[in-house]
Amino acid sequence: MLRAESIKVAFGRKLVLRSVDFAAAPGHLTAIVGPNGSGKTTLLRALTGEVGHSGTVTLDGSDIARMKGWELAARRAVLPQSAVLAFPFTVIEVVRMGLSGGTSGGDKSVPGAALRRVGMTGYTDRLYQELSGGEQQRVQLARVLAQVWHPVWQGRARWLLLDEPVASLDIAHQLLVMGIARDFANSGGGVVAVMHDLNLTAMFADAVAVMADGQIIAQGPMAQVMTDDTLSRAYGCGLRVGLPPAAGSTFVLPHTARPIHEMKPEFTAVDPAHSGTPC
Amino acid sequence: MVAFPDSAIETIGRDRDIVARRTRLLLITVLAATCIFSLAFGAAGTSLWGALYKLANGQTLSDMERIVLWDIRAPRTLMGAFVGASLAVAGAVMQGLFRNPLADPGLVGVGAGAGLGAICAIVLGALLPAAFINLFGNWLVSAAAFLGGWGSTLLLYRVATRSGRTSVATMLLAGIALGALAGALSGLLVYMADDRQLRDLTFWGLGSLAGATWAKLFVAVPLILLSICAAGFLGRGLNAMALGEATAHHIGIPVQRLKTVAVMTVAASTGAAVAVAGGIGFVGIVVPHLLRLATGPDHRMLLPNAALLGASLLIGADVIARVVIAPAELPIGIVTAVLGAPVFLWILLRRRGLVDL
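Keeping their order, the protein sequence lines are chains A and B. According to our numbering, the stretch in the first sequence is residues -6 to 272, in order. According to our numbering, the stretch in the second sequence is residues 273 to 629, in order.
Structure below.
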């Protein structure tokens, strides 16, 4: 289990996370959704130990603040939102950097396989900086996959922590990347992903945490959390969740959106800043 | 997830590694050749081959041969090798740490601090108690330069480190401020200096290997060698730093330790190099840059290759410095700048279309 208890993060005087409790289980894809500035990325950064916070984050019961860098690197890999690179490394060199952190270092076939997995087989010797944003994002995903190539290792689940993994991708590659995350969870690994796309979240996530104004306002199995009520309150915008008759999977239909005050009277935005959102 | 066996992709990807390994062999050969050159050429017409022939036949060398070859050219060649290697490696480490191809050891205040130390020693040295001057003798300027360089780096490191974390950006900015301050103090001392001191200052600033002796070598080389060897272990970490500090940490690199070791090795090796040879520019920027263009930015290959190329380059520049206007000699800093700057510009012009260097 990846568990966070009473996490508080302040940037200067602004409290970005106000006592957040979060849990993600191995074998599940857990999505964190919420409007801009609700604290999704900050929560993910607290889970990776990247920002200072009060409260504790534990991985299978051990406090990550007490774990060594290489220990953590062997257990979980992190995909950042934007990926810059300082020198002209080639694609395969970037992916190999992931290997050095994980435990699959001896397995020479991993980087090539990881690139193939993200659909970038022909790109090995291209310079990373010459690729498009979406291609760079997929190379970074390959690097992260190479780090935790086997979702279960020594009987313990390994983790993928993804910050908006599909942000700069076209629809086909969005499906590819979410499929990779899904497979990783199906094979016993744990996945936590910060998501903007509610439809992809509904399609691929097992569990969802909905954030608004630095708090988690709902957390649990996808179908129980992604409801008209919760999403409308979180986004400050009257949203209606529907099921397509054929496939039977949950999706959010932006076509039915309307101002929140036209919704049921008990619907109010959690963060007053969002209540004026025109939709 | 299935791990696809895919050896074909791996062999393509290894290409730059293979080139880098071949380059290393080539550079070792070049270094050996420049060393022989440096031993064979000089203002005195003493022949290396003549001396070797004598040794091979069990004859003793003349005093002239012994002094020129063993006491002058040999330490000078070795000093050139170690100073060149340390400047090039320090440049490569700084560029990796600051994630910027234009970084050089000057950024951590070594140059400014060492310069101030040397100027203090040259201008104010005479004011020190005689016993103190006798204790240090000819070493006063070198010792002051080393202490100045090392001290200013420690100061910068203190300023940039808060609760166990060093901010590279703060270090860069504080380095600029400290450099300006050291420059102002140096300017004041230059203003106070007399003609002879001004001449000494100018020569120190341009750098020279002429002062190389076995005694200086024995002090400087262990420091430089230790630093270069320590830097050799930073390759993997510096590669990861290219992805950003946070990602380097996620990959399992001990980022804070990496920064500490990088800054300390650069301060020690550059401090020692500047102390014995004065200010020698361009090696720290040109060498890693040339190698990155040739064999890619992988620091595991770049660092050893930079040491070899830096060493060859400085020995070569020194041979030119002492042959070109023999029996007088040019300051080596002039040679490295005259050779380095046009080559550098030419590379930049030719490669202008390329993405971020």
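C-beta atoms are modelled at their ideal positions from N, C-alpha and C, and glycine is treated no differently. Just so we're clear, the structure is a prediction, and the values are computed from it rather than from any experiment.
B/Arg471 touches chain A at which residues, Cβ-Cβ below 8 angstroms? By 1-based counting over the second sequence, the position of residue 471 of chain B is 199. Going along chain A, no residue has its Cβ under 8 angstroms from B/Arg471, so there is no contact; the nearest lies around 42 angstroms.
Return the residues of the region 502 to 521 of chain B that lie within a Cβ-Cβ distance of less than 8 angstroms from chain A, sorted by chain order. Arg508, Asn511, Ala512, Met513, Ala514, Leu515, Gly516, Ala518, Thr519, His521
Between A/Val87 and A/Gln140, is the Cβ-Cβ spacing less than 9 angstroms? Position 94 of the first sequence, counted from the first residue, corresponds to residue 87 of chain A. Position 147 of the first sequence, counted from the first residue, corresponds to residue 140 of chain A. Contact flag unset, no.
Any C-beta of chain B under 9 angstroms from that of A/Ala70: What you label residue 70 of chain A is simply residue 77 of the first sequence in a count that begins at 1. So yes, A/Ala70 belongs to the interface.
Where B/Asp335 falls: helix, strand or coil (DSSP): Counting from one through the second sequence, the residue named residue 335 of chain B turns up at place 63. Three-state DSSP puts B/Asp335 in a helix.
Proximity to B/Gly583 [Cα-Cα], best of B/Asp335, B/Tyr325, B/Ser358: Reading the second sequence from its first residue, position 311 is the one you call residue 583 of chain B. Per the sequence shown, the amino acid found at residue 583 of chain B is Ala instead of Gly. Minimum Cα distance to B/Ala583 is reached at B/Ser358.
Check whether the region 427 to 436 of chain B and the region 362 to 378 of chain B touch, using three or more Cβ-Cβ pairs below 8 angstroms as the test. No, they do not touch.
Hey, out of B/Ala384, B/His561, B/Arg294, B/Asp570, whose CA is closest to B/Asn511's CA? Position 239 of the second sequence, counted from the first residue, corresponds to residue 511 of chain B. Residue B/Asp570 is the option with its Cα nearest to B/Asn511.
Integer-rounded CB distance, given that A/Ala198 should sit under 8 angstroms from A/Ala(-3): Position 4 of the first sequence holds residue -3 of chain A. Position 205 of the first sequence holds residue 198 of chain A. The pair is not a contact, with the Cβ atoms about 18 angstroms apart (cut-off 8 angstroms).
Neighbourhood of B/Ala294 by C-beta, 7 angstroms cutoff - its chain only, sequence neighbours within 5 removed: The sequence position of residue 294 of chain B within the second sequence is 22, counting from 1. Before going on, a small fix: residue 294 of chain B reads as Arg here, not Ala. Around B/Arg294: no qualifying Cβ.
Starting from A/Asp118 and walking both ways along the alpha helix (DSSP H), at which residues does that stretch end? Taking the first sequence and counting its residues from 1, the one referred to as residue 118 of chain A is at position 125. Per DSSP, A/Asp118 belongs to no alpha helix (DSSP H) and is neither H nor E.
With 16 as the cutoff for other CB atoms within 10 Å, does B/Ala443 come out buried or exposed? To locate residue 443 of chain B, count along the second sequence from 1; it is residue 171. A quick correction: the sequence has Met, not Ala, at residue 443 of chain B. Buried.
Ignore the nearest five residues each way along the sequence and tell me which others in B/His260's own chain have a CB closer than 6 angstroms to its CB. In this structure chain B extends from 273 to 629, so residue 260 of chain B is not present and cannot be described.
Go to B/Arg293, then tell me how far its alpha helix (DSSP H) extends in each direction, as first and last residue. On the second sequence, residue 293 of chain B is found 21 positions in, with the first residue counted as 1. From DSSP, the alpha helix (DSSP H) with B/Arg293 extends over 287 to 312.
Going along chain A in order, which residues have a C-beta closer than 8 angstroms to the C-beta of B/Asp570? Residue 570 of chain B sits at position 298 when you count from the first residue of the second sequence. From the beta-carbon of B/Asp570, the residues of chain A found nearer than 8 angstroms are Phe82, Glu86.
With a threshold of 9 angstroms between beta carbons, is B/Val527 in contact with chain A? Within the second sequence, residue 527 of chain B is the residue found at index 255, counting from 1. At least one chain A Cβ lies under 9 angstroms of B/Val527.
Taking any Cβ of chain A, which residues in the region 339 to 371 of chain B have a Cβ under 7 angstroms from it, in chain order? Arg371
Could you check how far apart the C-beta atoms of B/Leu478 and B/Pro603 are, in whole angstroms? I think they sit under 8 angstroms. As a working mapping, residue 478 of chain B is identified with position 206 in the second sequence. As a working mapping, residue 603 of chain B is identified with position 331 in the second sequence. Contact flag correct, Cβ pair sits at about 3 angstroms.
Does DSSP put B/Ile597 in a helix, in a strand, or in coil? The residue labelled residue 597 of chain B in the question sits at position 325 within the second sequence. Three-state DSSP puts B/Ile597 in coil, outside helix and strand.
Could you list which residues in chain E have their beta carbon closer than 7 angstroms to that of A/Gly62, in chain order? Although the question refers to chain E, the structure presented lacks it and instead comprises the protein chains A and B.
Counting only the same chain and skipping the five closest in sequence on each side, list residues whose C-beta sits under 6 angstroms from that of A/Ala150. Numbered from 1 along the first sequence, position 157 holds the residue referred to as residue 150 of chain A. In the same chain as A/Ala150, and ignoring 5 residues on each side of it, the C-beta atoms closer than 6 angstroms to its own belong to Pro19, Gly181, Gly182, Gly183, in chain order.
CA nearest to the CA of B/Leu374, picked from B/Arg594, B/Thr567, B/His561, B/Gly543: In the second sequence, residue 374 of chain B corresponds to position 102, counting from 1. A check of alpha carbon separations from B/Leu374 across B/Arg594, B/Thr567, B/His561, B/Gly543 identifies B/His561 as the nearest.
Taking its Cβ as the centre, do 16 or more other Cβ atoms sit within 10 Å of A/Lys33, making it buried, or is it exposed? Within the first sequence, the letter at position 40 stands for residue 33 of chain A. Its Cβ being crowded by 16 or more others within 10 Å, A/Lys33 is buried.
Using Cβ-Cβ distances below 9 angstroms, what residues of the region 135 to 162 of chain A are close to chain B? Correct list: Arg136, Val137, Leu138, Gln140, Trp142, His143, Pro144, Leu154.
Since A/Ala174 meets chain B, which of its residues come closer than 7 angstroms, beta carbon to beta carbon? Numbered from its first residue, the first sequence carries residue 174 of chain A at position 181. Within chain B, no residue comes near A/Ala174; the closest Cβ sits about 11 angstroms away, beyond 7 angstroms.
What are the residues that DSSP puts in a beta bridge with A/Trp146? Within the first sequence, residue 146 of chain A is the residue found at index 153, counting from 1. A/Arg149, per the DSSP bridge assignment.
So what does DSSP say about A/Phe244, is it helix, strand or coil? Mapped onto the first sequence, residue 244 of chain A falls at position 251. Residue state, collapsed to three classes: strand.
Own chain partners of B/Val395 with C-beta closer than 7 angstroms, once the 5 adjacent residues on each side are dropped: Locating residue 395 of chain B in the second sequence gives position 123, where the first residue counts as 1. Taken in chain order, the residues that qualify are Leu461, Met464, Ala465, Gln469.
Ordered list of alpha helix (DSSP H) runs contained in the region 356 to 439 of chain B, each at least 4 residues: 382 to 396, 402 to 408, 412 to 432
Determine, using beta carbons only, whether B/Asp287 comes closer than 9 angstroms to chain A. Locating residue 287 of chain B in the second sequence gives position 15, where the first residue counts as 1. At least one chain A Cβ lies under 9 angstroms of B/Asp287.
For B/Leu498, does the three-state DSSP call read helix, strand or coil? Residue mapping note: residue 498 of chain B aligns to position 226 of the second sequence, counting from 1. Correct three-state label for B/Leu498: helix.
How would you list, in chain order, the residues of chain B whose beta-carbon sits under 9 angstroms from the beta-carbon of A/Pro73? Here residue 73 of chain A is taken as the residue at index 80 of the first sequence, counted from 1. Correct list: Leu515, Gly516, Ala518, Thr519, His522.
Taking contact to mean 3 or more Cβ pairs, one atom from each stretch, closer than 8 angstroms, check whether the region 41 to 58 of chain A and the region 200 to 208 of chain A are in contact. Contact fails: fewer than three Cβ-Cβ distances are below 8 angstroms.
Does A/Met90 come within less than 9 angstroms of chain B when only Cβ atoms are used? Numbered from 1 along the first sequence, position 97 holds the residue referred to as residue 90 of chain A. Chain B contact via Cβ: present.
Identify the continuous alpha helix (DSSP H) that holds B/Met513 and give its terminal residues. Taking the second sequence and counting its residues from 1, the one referred to as residue 513 of chain B is at position 241. Run containing B/Met513: 507 to 513, per the alpha helix (DSSP H) assignment.
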